[in-house]
Amino acid sequence: MEEIMLAFHKTRCAFLERWIQFMTNAPKRSWRMKKAILANTISIALLCAPFWGQQASAPQANAQNPELEQHIRELEDRVIALEGKIRTMESEKAAAAQPQPAQSTAQPESGTAAQTTVPSPATTVPSPQIANETQAGLANAAGQLPVYGGSSAAAKALNPDISVIGDFIGAAGGNTAPPLATLQPFPSMEMHESEIGLQAIIDPYARGDFFISFGEQGVNLEEGYITFTALPAGLIAKAGKMRSAFGKVNTLHNHVLPWVDRPLVTTNLVGGEDGIDDAGFSLQRILPAPKGIFLEATGQVFRGDSDDVFAAQQRSDVSTVEHLRGYRDITESTNVDIGVSYARGHNNGNVTLPGDFITQLYGVDATVRWKPLRRSIYHSFVGRSEFIWSQRQQFPREQRAFGMYASGDYQFGRRWFAGGRFDWSERSQFDNLTDKGAAATLTYWPSEFSQLRGEYRFTRYAENRDGNELLMQLIFSLGAHGAHPF
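In our numbering, the protein residues as written are 118 to 603.
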């Protein structure tokens, strides 16, 4: 009887060995089939366990059959290894599975479809490349076919954030600008600007930002630069074409302004809508400061061509901009932001022959913000003001001009804002001519992606001409547009 039991155990163990070899030597089988085979293997091994236990309880039989004991130990090790393989394959399957946007055809779940058919010797064996592609495709989520060329998270990872912002302006009323005035009226209707933004993190050390402006006058690269954020000594560097850090309004794009137009001082002394916007590089660093004060210094060097402000006559005629900013929280709801700026560059001196004419700009800006965080969350106030002095060398004498503006914008509802602005500015090339103005705005924000603004603008030119205009602006945004400087 004992010999019969030993023969029975040997037969079962031999069958289990052949079953394991069949499973491990089938690389082309699907994950579902492999999982079923491995489960059956472990079940058979467990079935053998009671008989092995009975055999192990007979010390005389174990002593007489050391080969059978060795087989049992080896098979136990194989079962443990196969259980590890199951866990590994399950984790790899979960990590490799990605959601597919397209609908995929599910494989049949019937018992006949799940059965495995061993191919006959006459079956053509696919090449290793085709086998690997087939195995990779079957390694996707169970019952799904791979989708090639579709949009997926992996495909979008290398694409930048793309946004489009439209700025439509309509105007009514009368405004006949004098010949020497820098401020020009808007036409009755125009697509003032369409800005395309391309922004992305390049690597852990840098990011890229491009803003391309499409207007009725043509296409313009408004800004395009790379920012290095992981330099030693806490420095942040930029290189490319960018708006300079002179003051507050010069750093802002049109769609970020709280008004339809720009203040008179910006138009008369700092180049208007484009302002100091040139190719160059910038260095920025946070400076040590007393507790509760944020202090930041910025230094920039540009090529020296910025609309009517700077004009380089030769390669060495670069322009420079320096800005020092201080910020402090007064209360939980109120903060103050103060900055001083300086810019220097060459100009053409209003003569045809090149000369060493210099323009220098000095500026002071101040911003006060109030926004309660715990109550009245739909009420806020922002007050802004800038004072700018210009010293421009030109023929026949140096021009010293001054200008300023002061504005306030109050949020009185969830989507409603009202504001006002006062303007006073001399002209950079004619310091004896002074323009004055005022504006009142009402803005409605349907959402974060659109806003509708109305503005009444009054302008009194130095030539004793008045302009009264009603401006309407519609701004809308598509896509992910990154935040602008605070």
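Quick reminder that beta carbons are idealized off the backbone N, C-alpha and C, glycines included.
Next item on the list: Would you check if the distance between the CB atom of P464 and the CB atom of T476 is smaller than 7 Å?
Entry: On the sequence shown, position 347 is the one that residue 464 refers to. On the sequence shown, position 359 is the one that residue 476 refers to. This sequence places Asn at residue 464; Pro is not what is there. In contact: N464 and T476 (Cβ atoms closer than 7 Å).
Item checked: Bridge partners - E586, DSSP secondary structure assignment -> Reading the sequence shown from its first residue, position 469 is the one you call residue 586. Partner(s): G290 and R574.
Check: Residues in its own chain within less than 6 Å of I455 by CB, not counting five upstream and five downstream?
Finding: Taking the sequence shown and counting its residues from 1, the one referred to as residue 455 is at position 338. The residues are G443 and A483.
Notebook entry, point to check: With 16 as the cutoff for other CB atoms within 10 Å, does A518 come out buried or exposed?
Noted result: Taking the first residue of the sequence shown as position 1, residue 518 is located at position 401. Buried.
Check: With respect to the alpha helix (DSSP H) encompassing V485, which residues constitute its N-terminal and C-terminal limits?
Finding: Locating residue 485 in the sequence shown gives position 368, counting from the first residue. Run containing V485: none in the alpha helix (DSSP H); it sits in the beta strand (DSSP E), F474 to W487.
Note to self: Is the separation between the beta-carbon of A356 and that of I343 shorter than 7 Å?
What the structure shows: Counted from its first residue, the sequence shown places residue 356 at position 239. Counted from its first residue, the sequence shown places residue 343 at position 226. Their beta carbons are under 7 Å apart, which means A356 touches I343 by this criterion.
Notebook entry, point to check: Among R360, D320, V366 and F331, which one has its Cα closest to the Cα of F345?
Noted result: As a first step, residue 345 is located in the sequence shown; it is residue number 228 there, counting from the start. Closest by alpha carbon: D320.
Margin query: Comparing C-alpha positions only, which one of A289, L192 and L297 sits nearest to R582?
Written below: Indexing the sequence shown from 1 puts residue 582 at position 465. Nearest option by C-alpha distance: L297.
Note to self: Relative to the C-alpha of Q568, which candidate in L315, I189, N371 and T299 has its C-alpha closest?
What the structure shows: Here residue 568 refers to the residue found at position 451 when the sequence shown is read from its first residue. It is N371 whose Cα lies nearest to the Cα of Q568.
Margin query: Report the CB separation of F419 from D395 in whole angstroms; it is logged as a contact under 8 Å.
Written below: The residue given as residue 419 occupies position 302 in the sequence shown. The residue given as residue 395 occupies position 278 in the sequence shown. Correct: roughly 4 Å between the Cβ atoms.
Notebook entry, point to check: Shortest alpha-carbon distance to T437 belongs to which of G397, P407 and Q401?
Noted result: For this step, residue 437 is matched to residue 320 along the sequence shown. T437 has its Cα closest to that of G397, out of G397, P407 and Q401.
Checklist line | Pick from P380, E515 and Q301 that is closest to G525, judged by C-alpha positions | finding: By one-based count along the sequence shown, residue 525 stands at place 408. Out of P380, E515 and Q301, P380 has the C-alpha closest to the C-alpha of G525.
Check: Should the stretch 583-600 be regarded as contacting the stretch 281-291, the criterion being three or more beta carbon pairs within less than 8 Å?
Finding: They touch, by the three-pair rule.
Checklist line | Cut-off 6 Å between Cβ atoms - residues of its own chain near A347, not counting five sequence neighbours on either side | finding: Position 230 of the sequence shown holds residue 347. Counting only Cβ-Cβ distances below 6 Å, and skipping sequence neighbours, we find Y322.
Notebook entry, point to check: Tell me which same chain residues have a C-beta within less than 8 Å of the C-beta of R531, skipping the five on either side of it?
Noted result: Counting from one through the sequence shown, the residue named residue 531 turns up at place 414. Around R531: Y495.
Next item on the list: Quick one: measure Cβ to Cβ for Q401 and I353, integer angstroms, because I've assumed they're closer than 8 Å.
Entry: Reading the sequence shown from its first residue, position 284 is the one you call residue 401. Reading the sequence shown from its first residue, position 236 is the one you call residue 353. Contact holds; Cβ gap of about 4 Å.
Notebook entry, point to check: Does DSSP put E340 in a helix, in a strand, or in coil?
Noted result: On the sequence shown, position 223 is the one that residue 340 refers to. The answer is strand: DSSP assigns E340 an E or B state.
Note to self: For a test of the three-state rule: what should DSSP assign to V426, helix, strand or coil?
What the structure shows: On the sequence shown, residue 426 is found 309 positions in, with the first residue counted as 1. Here V426 sits in coil by DSSP.
Check: Got a sec, what are the start and stop residues for the alpha helix (DSSP H) V382 sits in?
Finding: For this step, residue 382 is matched to residue 265 along the sequence shown. Where V382 is concerned, the enclosing alpha helix (DSSP H) starts and stops at L381 to L386.
Notebook entry, point to check: From P563, I313, Q431 and L300, pick the residue whose C-alpha is nearest to that of V387; which is it?
Noted result: Residue 387 sits at position 270 when you count from the first residue of the sequence shown. Shortest Cα-Cα distance from V387 to any of P563, I313, Q431 and L300 involves L300.
Item checked: A557 versus Y479: straight-line alpha-carbon distance, rounded -> Looking up residue 557 in the sequence shown gives position 440. Looking up residue 479 in the sequence shown gives position 362. Near 28 Å, if we compare the C-alpha coordinates of Y479 and A557.
Notebook entry, point to check: Given a threshold of 16 other Cβ atoms within 10 Å of its Cβ, counted over all protein chains shown, does T234 qualify as buried or as exposed?
Noted result: Start at 1 with the first residue of the sequence shown, and residue 234 comes out as number 117. Here T234 scores only 41 on pLDDT, less than 50, and its place in the model should not be relied on; the value that follows carries that caveat. T234 counts as exposed, since fewer than 16 other beta carbons sit within 10 angstroms of its beta carbon.
Next item on the list: Consult DSSP for A198 and reduce its assignment to one of helix, strand or coil.
Entry: For the purposes of this step, residue 198 is taken as residue 81 along the sequence shown, with counting starting at 1. It is helical.
Margin query: Looking at the ligand ZN, does it come within less than 6 Å of L348, judged from the CB to the closest heavy atom?
Written below: Absent from the structure shown: the ligand ZN. Ligands present: none.
Check: In this structure, does DSSP put P563 in helix, strand or coil?
Finding: The sequence position of residue 563 within the sequence shown is 446, counting from 1. DSSP, read as helix, strand or coil, puts P563 in strand.
Notebook entry, point to check: What is the DSSP secondary structure of L616, reduced to helix, strand or coil?
Noted result: This structure cannot settle anything about residue 616, because the visible part of the chain is limited to 118 through 603.
Next item on the list: Please determine, among F547, K553 and Q528, the residue with the shortest C-alpha to C-alpha distance to F539.
Entry: Counting from one through the sequence shown, the residue named residue 539 turns up at place 422. The shortest C-alpha separation from F539 is found at K553.
Notebook entry, point to check: In three-state DSSP terms, what is G351?
Noted result: Locating residue 351 in the sequence shown gives position 234, where the first residue counts as 1. Note: G351 maps to helix in three-state DSSP.
Notebook entry, point to check: Around the C-beta of A460, are 16 or more other C-beta atoms found within 10 angstroms, so that it is buried, or is it exposed?
Noted result: What you label residue 460 is simply residue 343 of the sequence shown in a count that begins at 1. With at least 16 other beta carbons inside 10 angstroms of its own, A460 counts as buried.
Item checked: Closest residue to F331 among E312, H440 and D378 (Cα-Cα distance) -> Start at 1 with the first residue of the sequence shown, and residue 331 comes out as number 214. Considering only alpha carbons, the answer is E312.
Next item on the list: Leaving aside the five residues before and after D284 along the sequence, list all residues of the same chain whose C-beta is less than 6 Å from its C-beta, in chain order.
Entry: Stepping through the sequence shown from its first residue, residue 284 is reached at position 167. These residues qualify, in order along the chain: H309, E310, N371, H372 and I592.
Check: Just the Cα atoms here: how many angstroms apart are L595 and M306?
Finding: Counting from one through the sequence shown, the residue named residue 595 turns up at place 478. Counting from one through the sequence shown, the residue named residue 306 turns up at place 189. Each residue's CA atom was taken as its position, placing L595 and M306 some 22 Å apart.
Item checked: Alpha-carbon to alpha-carbon, L275 and V499 -> Translated into the one-based positions of the sequence shown, residue 499 becomes position 382. Translated into the one-based positions of the sequence shown, residue 275 becomes position 158. Cα to Cα, the separation comes out at about 38 Å.
Check: DSSP on T448, reduced to helix/strand/coil?
Finding: As a working mapping, residue 448 is identified with position 331 in the sequence shown. Correct three-state label for T448: coil.
Note to self: Starting from E312, trace the beta strand (DSSP E) in both directions and tell me its first and last residue.
What the structure shows: Position 195 of the sequence shown, counting from 1, holds the residue named residue 312. Where E312 is concerned, the enclosing beta strand (DSSP E) starts and stops at M306 to D320.
Checklist line | Beta-carbon gap between Y522 and V426 smaller than 7 Å | finding: Stepping through the sequence shown from its first residue, residue 522 is reached at position 405. Stepping through the sequence shown from its first residue, residue 426 is reached at position 309. Contact: no.
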